[in-house]
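For reference, the structure discussed in these notes is given below.
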Amino acid sequence: MDTSNSTLVILITGTSKGIGLALAEHYLKLGHVVYGCSRSEAAIDHDAYYHFALDVSDEKQVKSLFSAIRKQHKGLDVLINNAGVAAMNHAMLTPMDTVEKIFNVNVFASFLFCREAVKLMRKRPSGRIVNFSTVAVSFSLAGEAIYAASKSAVETLTRVLAKEFAEFNVTVNAIGPTPVQTDLIRNVPDDKIEQLLSQQSIKRLGEFADVINVTDFYIQPSSDFITGQVMYLGGA
Amino acid sequence: MIFENNQIQTLIFQAIDELNALREEELIDKSPSTALYGQASPLDSVDLVNLLLSIEEFLEDEFDISFTIANEKAMSLKNSPFKSVASLTDYLTTELATADS
């Protein structure tokens, strides 16, 4: 797998905005084929970009997305499991609907995409899966019980799937971003964000480029001995 | 969808062909008595996973059927359908007769 010279087929979830959109634009700029999905219609107009408007936790819709990739490209090289939702709220005020929604998108959908992706990657010489955790896990942030718990599950999935998928030459790693200026944190009060940043070794918000740097590292051919790892930004 | 036993067996043999094409060790015999797991089987666990996934892909490509072979029912049956080509053939013929496409 050569990220600079060969064309990869890359699937990124949650490409309508924020980090997912930035990742999709980055890999399109490098000349790769990018499949994206979100609940809304495509936010990118590019010859090498294919968009699916779907619910990432709907197994039938997700399977049809993978079926389309298999029929068009016979396989998949990279999955970036970016789609996620958050709800920052005191545990005593958190409705079960919210708990279900967060686990549906962050955990169940991540697993579903990993499972379907490895089926397409097994026919390639190698494959890469990058999942998304958060510094909220390592900081055990108050007010983010369900979000952090769901991302803890993603970290465990990452480590176990790394073992199961190694036989298919597929690595599974995760990135744990700090807050990045996206819709995910738009309702979090400034003082809460400041409090969080103060716990980091490097006390600033993350940039899209910080996230892209880590996904590039995981995807590059020489990272074929890196698996089951969670890399936190900012020194969390 | 109603399948004849021999149609399903042909699908399984197609999947065995795919495995054999990439195989460096002894080729897998295309026979109803070929064991799919256990000491008598020429398949390891990764081969078995690949075999089942290939069958699922053939079902989708040739018959437009989306079917998960290793479902809860299959995993909990007293007589495992994954013992041999014959037992998998019987299991799939029965299950696909009532499966939604």
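For the protein sequence lines, the chains are A and B, in the order given. Position 164 (the first sequence) corresponds to 165 in the numbering used here; numbering is contiguous. Position 82 (the second sequence) corresponds to 1426 in the numbering used here; numbering is contiguous. Ideal Cβ placement from N, Cα and C applies to all residues, glycine included. All values derive from a computational prediction rather than experimental measurement.
*Rounded separation between V1393 (chain B) and D191 (chain A) - CA only*: Numbered from its first residue, the second sequence carries residue 1393 (chain B) at position 49. Numbered from its first residue, the first sequence carries residue 191 (chain A) at position 190. Whole-angstrom Cα-Cα distance: 49 Å.
*Could you confirm whether any beta carbon from chain B is found closer than 8 Å to the beta carbon of K120 (chain A)?*
The residue you call residue 120 (chain A) lines up with position 119 of the first sequence. It does; some Cβ of chain B falls within 8 Å.
_Beta-carbon neighbours of E1416 (chain B), restricted to chain A and to distances below 8 Å_ = Counted from its first residue, the second sequence places residue 1416 (chain B) at position 72. Around E1416 (chain B), no beta-carbon contact reaches into chain A at under 8 Å, the shortest distance being about 14 Å.
*Opposite R129 (chain A) in the DSSP bridges: which residues?*
Position 128 of the first sequence, counted from the first residue, corresponds to residue 129 (chain A). R129 (chain A) is bridged to A:V79, A:T172.
*In terms of DSSP beta bridges, what is L12 (chain A) paired with?*
Against the first sequence, residue 12 (chain A) aligns to sequence position 11. Per DSSP, A:Y36, A:L80.
*Mind reading off the beta-carbon distance from V155 (chain A) to F133 (chain A)? Whole number of angstroms is fine, and I expect it under 8 Å.*
For the purposes of this step, residue 155 (chain A) is taken as the residue at position 154 of the first sequence. For the purposes of this step, residue 133 (chain A) is taken as the residue at position 132 of the first sequence. Right, their Cβ atoms sit about 7 Å apart.
_So, does the stretch 1415-1427 of chain B touch the stretch 1365-1373 of chain B, judging by three or more C-beta pairs under 8 Å?_
Cβ pair count under 8 Å is below three, so no.
*Name the residues in the stretch 51-70 of chain A whose C-beta lies less than 7 Å from a C-beta of chain B; which are they?*
From the stretch 51-70 of chain A, only K64, S68 have a Cβ closer than 7 Å to chain B.
_Considering only their Cβ atoms, is the gap separating M122 (chain A) from V171 (chain A) smaller than 8 Å?_
Looking up residue 171 (chain A) in the first sequence gives position 170. Looking up residue 122 (chain A) in the first sequence gives position 121. Closer than 8 Å, so yes.
*Does any CB atom of chain B fall closer than 8 Å to the CB of R123 (chain A)?*
As a working mapping, residue 123 (chain A) is identified with position 122 in the first sequence. Yes, contact with chain B.
*In whole angstroms, what is the alpha-carbon distance linking A1359 (chain B) and R116 (chain A)?*
Position 15 of the second sequence, counting from 1, holds the residue named residue 1359 (chain B). Position 115 of the first sequence, counting from 1, holds the residue named residue 116 (chain A). A1359 (chain B) and R116 (chain A) have their C-alpha atoms spaced approximately 20 Å apart.
*Sequence-distant residues of its chain with Cβ nearer than 6 Å to V63 (chain A) (five each side left out)*: The count along the first sequence starts at 1 and reaches residue 63 (chain A) at position 62. Only L113 meet the Cβ criterion.
_Residues that E168 (chain A) contacts on chain B, provided the C-beta gap is smaller than 7 Å_ = Reading the first sequence from its first residue, position 167 is the one you call residue 168 (chain A). Result: V1390.
*Distance between beta carbons of L197 (chain A) and P180 (chain A), contact taken as under 8 Å*: As a first step, residue 180 (chain A) must be located in the first sequence, where it is residue number 179. As a first step, residue 197 (chain A) must be located in the first sequence, where it is residue number 196. Yes, P180 (chain A) and L197 (chain A) are in contact; Cβ-Cβ is about 6 Å, under 8 Å.
*Residues bridged to V212 (chain A) by DSSP?*
Working through the first sequence from its first residue, we reach residue 212 (chain A) at position 211. V212 (chain A) has no beta-bridge partner at all, per DSSP.
*Under three-state DSSP, which class holds G1382 (chain B)?*
Residue mapping note: residue 1382 (chain B) aligns to position 38 of the second sequence, counting from 1. The answer is coil: DSSP assigns G1382 (chain B) none of H, G, I, E or B.
*Among all the DSSP beta bridges, which residues are the ones paired with G207 (chain A)?*
The residue labelled residue 207 (chain A) in the question sits at position 206 within the first sequence. Listed as beta-bridge partners of G207 (chain A) by DSSP are A:V181.
_Only counting the same chain, and skipping five residues up and downstream in sequence, which positions put a Cβ closer than 8 Å to that of S41 (chain A)?_
Within the first sequence, numbered from 1, the residue matching residue 41 (chain A) stands at position 40. Contacts found: S17, A54.
*To the nearest angstrom, report how far apart S68 (chain A) and K61 (chain A) are at their CA atoms.*
Here residue 68 (chain A) corresponds to residue number 67 of the first sequence, with the count starting at 1. Here residue 61 (chain A) corresponds to residue number 60 of the first sequence, with the count starting at 1. Rounded to the nearest whole angstrom, the CA to CA distance from S68 (chain A) to K61 (chain A) is 10 Å.
*Name the chain A residues that come within less than 9 Å of S1385 (chain B), Cβ to Cβ?*
Stepping through the second sequence from its first residue, residue 1385 (chain B) is reached at position 41. Residues of chain A passing the Cβ test: none, with the nearest at roughly 17 Å.
*Could you name the residues of the same chain whose beta carbon sits closer than 6 Å to that of Q230 (chain A), not counting the 5 residues immediately before and after it, in chain order?*
Residue numbering aside, residue 230 (chain A) sits at position 229 when the first sequence is read from its first letter. Closer than 6 Å at Cβ, skipping near neighbours: N174.
*Per-residue burial, N1350 (chain B) [other beta carbons within 10 Å of its own, 16 or more giving buried]*: Position 6 of the second sequence, counted from the first residue, corresponds to residue 1350 (chain B). Under this definition N1350 (chain B) is an exposed residue.
*Name the chain A residues whose beta carbon is nearer than 7 Å to that of N1349 (chain B)?*
Working through the second sequence from its first residue, we reach residue 1349 (chain B) at position 5. Going along chain A, no residue has its Cβ under 7 Å from N1349 (chain B), so there is no contact; the nearest lies around 27 Å.
*Look up M1345 (chain B) in the DSSP assignment and say whether it is helix, strand or coil.*
Taking the first residue of the second sequence as position 1, residue 1345 (chain B) is located at position 1. In this structure, DSSP gives M1345 (chain B) a state outside helix and strand, which the three-state scheme calls coil.
*So, helix, strand or coil for S224 (chain A), using DSSP?*
Here residue 224 (chain A) refers to the residue found at position 223 when the first sequence is read from its first residue. The answer is helix: DSSP assigns S224 (chain A) an H, G or I state.
*For E101 (chain A), count neighbouring Cβ atoms within 10 angstroms of its own Cβ and tell me buried if that reaches 16, exposed if not.*
Walking along the first sequence from the start, residue 101 (chain A) turns up at place 100. Exposed.
*Cα-Cα separation, L29 (chain A) to L22 (chain A)*: Within the first sequence, residue 29 (chain A) is the residue found at index 28, counting from 1. Within the first sequence, residue 22 (chain A) is the residue found at index 21, counting from 1. Going by C-alpha positions, L29 (chain A) is about 11 Å away from L22 (chain A).
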